[in-house]
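What follows is one structure encoded as structure tokens, with my remarks underneath.
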Amino acid sequence: MSQKPHLDREHGQHLFRQMLRIRQFEARCAELYQAQKIRGFLHLYDGEEAVAVGVMQALDERDAVVATYRDHGHALARGLPMGALMAEMYGKVEGCARGRGGSMHFFDRRRRFYGGNAIVGGGLPLAIGIAMADKQLHPGAVTACFFGEGAAGEGAFHESINLAELWDLPVLFVCENNLYAMGMPLELAEAETDIFRKAAAYRTPTEAVDGMNPVVVEAAARKAVASIRDGNGPYFLECRTYRFRAHSMFDAQLYRTREEIELWKERDPIPRTQKWLEENHMISPEELREIEGQVEAEIEEAVAFAEEGTWESVEDLERFVLMDEVSE
Amino acid sequence: MNDRSAREGMNRMTYREACRHAIRDALINDARTFLMGEDVGLYGGCYAVSKGLLDEFGPERIRDTPLAEGAFVGAGIGAAMAGLRPIVEIMTCNFSLLALDQIMNNAATIPHMSGGQFAVPLVIRMATGAGRQLAAQHSHSLEGWFAHIPGLKVLAPGTVEDARYMLKAALADPNPVLIFEHIVLYNAEGELDPDVMEVDIARAKMRRPGRDVSILAYGNSLPKALAAAETLAEEGIDAEVVDLRVLRPLDNATIFETVARTRRCVIVDEGWKSGSISAEIAARLSEELFFELDAPIRRICSREAPVPYAAHMEEAALPQTAQIADAARNLVKPR
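For the protein sequence lines, the chains are A and B, in the order given.
300 is the number that this note's numbering gives to position 294 of the first sequence; each next residue is one higher, with no gaps.
196 is the number that this note's numbering gives to position 125 of the second sequence; each next residue is one higher, with no gaps.
The following block contains the structure:
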């Protein structure tokens with residue numbers, strides 16, 4: 007696989023389409039939350055789409071993904087069916103985790119999606135183990151592990167990066183630095199606010215990139231994944247990004263200003279990519295309308311799938327507490 | 072078969088050697104299995120369990136870790152989810168608190184929360200218990216805490232035979248299994264029956280039959296319970312001793328059967344009494360066997376304080392043979 011993204015018409019539109027799918031899907035999620043179809047915690051990825059979409063371009067089927075509780079973008083970009091995600095948030099048994107995990111805990115064994123983890127930093131040690139297994143059983147496979155900058159405060163972050171480097175493990179660490187750990191501003195939480203420097207202290211190759219640009223993220227991820235597949239051990243990408251919406255549906259956003267949000271919105275990866283495609287004659291108005299229509303149709307279909315879904319029998323409440331077998 | 076010691080007629084071994092043989096067998100029998108933990112390699116294991124294994128299996132399969140319980144336990148979980156069969160050693164259960172998030176939020180939770188997509192076939196071994204004057208931070212008995220958690224299996228070998236064969240059963244299990252090895256038992260010696268080469272990790276086990284009272288114990292409380300039964304026998308009291316050995320899921324059938332028969336019960340638990348596994352067992356007995364009982368259930372547990380260093384204080388803090396015998400005696404022949 008080439009290290010540089012080949013930015014032809016098709017690929018440029020693909021990046022745009024993937025980001026738009028996430029944005030529009032989540033817009034519908036927010037509506038459905040207000041309508042009380044979706045409950046619990048709902049953490050939206052608005053603004054950060056370029057990170058998941060960019061990174062996933064560098065991965066293929068053999069690779070594994072460990073996500074956070076803000077996992078809608080990772081799951082969609084990884085190829086989990088939108089209907090299964092919506093059904094999961096409806097709490098239906100047709101959901102990607104039988105309705106047991108909800109928004110924060112998407113899983114898909116077939117697509118090597120090891121779950122949205124709702125303990126900050128909790129997924130990093132898992133990624134270490136998955137990479138250990140892959141190194142022995144499936145050489146060449148990479149585990150992409152996503153986490154926010156808040157994870158840098160946790161011991162698990164430091165312990166895991168150390169192990170990955172010490173043991174030369176094929177892990178791509180992807181820090182989604184959106185500047186706030188829930189409401190805690192980065193500069194109030196960390197003495198060193200350049201997160202990548204912490205990873206560099208463990209001798210891991212690092213790069214900090216504009217997380218609002220899918221092409222930049224993709225290029226960096228391709229370079230990182232190529233290095234990992236070549237057997238050079240882990241790689242750490244810090245993607246500087248921003249979430250446009252509240253942390254969750256319960257957040258009054260007292261910790262940041264409207265002006266700051268508006269400033270970041272000028273860098274919104276979706277209109278920015280659209281404009282770039284238009285200026286370079288890589289998308290026609292007809293194609294744009296077609297993509298928007300397809301995304302809308304996919305969302306409608308996903309909502310219908312969730313609506314038509316069924317409830318898991320209460321009889322099955324204890325099912326899978328203990329497993330009967332390990333599926334290989 | 073793979074039990075070389077039995078074949079060579081070396082049936083007598085220590086609990087420590089039994090643990091080592093079990094790990095060695097596991098590494099020989101399954102290329103997916105490896106041992107990972109603090110000082111398991113070069114040092115040979117804090118309690119010398121893995122001594123010699125690094126030379127035989129190399130550093131990939133006897134993997135020394137830094138002091139990072141959360142990360143290496145989590146790595147064991149991830150490796151199990153992705154196809155390996157790790158044995159993770161936590162030097163002592165006291166340090167397992169640093170990995171509690173991974174054990175509870177990931178190992179115990181993900182199989183269920185993923186709708187059955189991801190099993191976690193992982194074994195975590197840890198040393199537990201008091202009795203070596205190691206003071207409070209190295210003397211906890213936390214197996215009862217872990218037994219609270221759905222999704223885990225919790226084992227406590229109290230005999231050389233169980234130390235020898237529980238690991239094999241635990242590795243064959245598709246679930247995360249925690250094995251608590253008692254620090255005082257590592258030097259205990261026992262004779263292995265060459266005809267027995269496996270252990271049923273679903274069942275408790277009667278260690279001494281009796282008619283008058285059931286003493287339920289596990290880990291290092293088991294030898295104390297057996298000693299108490301000997302004392303009682305001299306007085307004409309016939310105590311039955313049941314080795315709980317599986318703390319989650321509890322073997323209700325065996326527990327209820329013995330207590331229904333003797334109609335009296337003493338539970339011995341090195342954990343603190345409040346909220347302990349002994350409390351759970353007593354509650355189940357009162358729910359299910361209330362009308363079969365001839366006497367109140369008695370519990371001998373650790374005193375409700377951090378375990379002190381000084382020998383006389385530590386001894387006073389832990390369940391002892393005389394207390395167990397007294398409790399049983401008073402149930403059978405009330406003063």
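Note that the Cβ used here is the ideal one computed from N, Cα and C, for glycine as well.
Since this is a predicted model, take the numbers as computed values, not measurements.
Rounded to the nearest angstrom, how far is the Cβ of residue 157 of chain A from that of residue 130 of chain A, given a contact under 8 Å?
The distance from the Cβ of residue 157 of chain A to that of residue 130 of chain A is about 7 Å, consistent with a contact at the 8 Å cut-off.
How about residue 147 of chain B and residue 157 of chain B: do their beta carbons lie closer than 8 Å?
yes
Below 7 Å on C-beta distance, what does residue 125 of chain A contact in chain C?
Absent from the structure is chain C; the protein chains it does hold are A and B.
Using CA atoms only, rank isn't needed, just tell me which of A:81, A:53, A:13, A:306 is closest to residue 249 of chain A.
Closest by alpha carbon: A:53.
Using beta-carbon positions only, say whether residue 119 of chain A and residue 172 of chain A come within less than 8 Å of one another.
no
At least one CB of chain B closer than 8 Å to the CB of residue 328 of chain A: is that the case?
yes
Taking DSSP as the reference, what is the three-state secondary structure of residue 28 of chain A?
helix
So, for residue 204 of chain A: in the same chain, excluding its five sequence neighbours on each side, which residues have a beta-carbon less than 8 Å away from its beta-carbon?
Listed in chain order, the non-local C-beta contacts of residue 204 of chain A below 8 Å within the same chain comprise 158, 163, 164, 167, 198, local neighbours out to five positions each way being set aside.
Run through the DSSP bridge pairs and tell me what residue 189 of chain B is partnered with.
None; residue 189 of chain B has no bridge partner.
Find the residues of chain A that neighbour residue 82 of chain B, judging by a C-beta separation of less than 8 Å, and give them in chain order.
Ordered by position in chain A, no residue passes the 8 Å Cβ test against residue 82 of chain B, which lies about 33 Å from the chain.
Pair within 8 Å by beta-carbon distance, residue 309 of chain B and residue 278 of chain B
no
Residues in the same chain with beta-carbon distance under 8 Å from residue 23 of chain A, minus the five sequence neighbours each way, listed in chain order, please.
297, 300, 301
Coarse secondary structure for residue 82 of chain B, derived from DSSP in three states
In this structure, residue 82 of chain B counts as coil in the three-state DSSP scheme.
In terms of alpha-carbon separation, which member of B:137, B:100, B:144 lies closest to residue 128 of chain B?
Ranking the options by Cα distance to residue 128 of chain B, first place goes to B:100.
Inside the segment 197-284 of chain B only - alpha helix (DSSP H) runs reaching at least 4 residues
Fully enclosed alpha helix (DSSP H) runs of 4 or longer: 214-217, 231-243.
Inter-stretch contact (C-beta, 8 Å, three-pair minimum) for the segment 285-292 of chain B and the segment 334-346 of chain B
yes
Measuring CB to CB, does residue 241 of chain B end up less than 8 Å from residue 220 of chain B?
no
Here's the rule: buried if 16 or more other CB atoms are within 10 angstroms of the residue's CB, otherwise exposed. What is residue 180 of chain A?
buried
Along chain B, in chain order, which residues have C-beta atoms closer than 8 Å to that of residue 31 of chain A?
Ordered by position in chain B, no residue passes the 8 Å Cβ test against residue 31 of chain A, which lies about 21 Å from the chain.
Give the secondary structure of residue 137 of chain B by DSSP, where H, G and I count as helix, E and B as strand, and everything else as coil.
coil
When you compare the CB of residue 88 of chain A with every CB in chain B, is at least one pair closer than 8 Å?
Chain B contact via Cβ: absent.
As a quick exercise: from B:124, B:385, B:253, pick the residue whose alpha carbon is nearest that of residue 212 of chain B.
With distances taken between Cα atoms, residue 212 of chain B lies closest to B:253.
What residues in its chain sit with their C-beta under 8 Å from that of residue 192 of chain B, if we drop five residues either side in the sequence?
151, 156, 242, 244, 245, 246, 247
Taking residue 363 of chain B as the reference, which of B:328, B:379, B:386 has the closest Cα?
Closest by alpha carbon: B:328.
If I follow the unbroken alpha helix (DSSP H) through residue 400 of chain B, where does it start and stop?
392-403
8 Å contact criterion, which residue 227 of chain B and residue 319 of chain B should meet: CB distance rounded
10 Å between Cβ atoms; not a contact.
Residue 268 of chain B: beta carbon under 7 Å from a heavy atom of the ligand PLP?
For the ligand PLP, the structure offers nothing, since it holds no ligand at all.
Taking Cβ positions only, does residue 7 of chain A come closer than 8 Å to chain B?
Annotation note: pLDDT 45 at residue 7 of chain A (below 50); position unreliable, coordinate value reported separately. No Cβ of chain B is located within less than 8 Å of the beta carbon of residue 7 of chain A.
Using a Cβ-Cβ distance under 8 Å, would residue 361 of chain B count as near chain A?
no
Using the beta-carbon of each residue, which ones in chain B are nearer than 8 Å to residue 49 of chain A?
Listed along chain B is no residue with a C-beta nearer than 8 Å to that of residue 49 of chain A; the closest approach is about 17 Å.
Step through the CB atoms of chain B and report whether any lies within less than 8 Å of the CB of residue 142 of chain A.
Yes - at least one Cβ of chain B is within 8 Å of the one on residue 142 of chain A.
What is the residue span of the alpha helix (DSSP H) that residue 282 of chain A lies within?
275-285
Helix, strand or coil at residue 163 of chain A [DSSP, three-state]:
helix
Residues of the segment 177-198 of chain B with a CB closer than 7 Å to any CB of chain A: list them in chain order, please.
177, 181, 182, 183, 184, 185, 186, 187, 188, 189, 190, 192
State yes or no: is the C-beta of residue 255 of chain A within less than 8 Å of the C-beta of residue 48 of chain A?
yes
Against chain B, with Cβ distances strictly below 8 Å, would residue 134 of chain A count as a contact?
So, interface residue.
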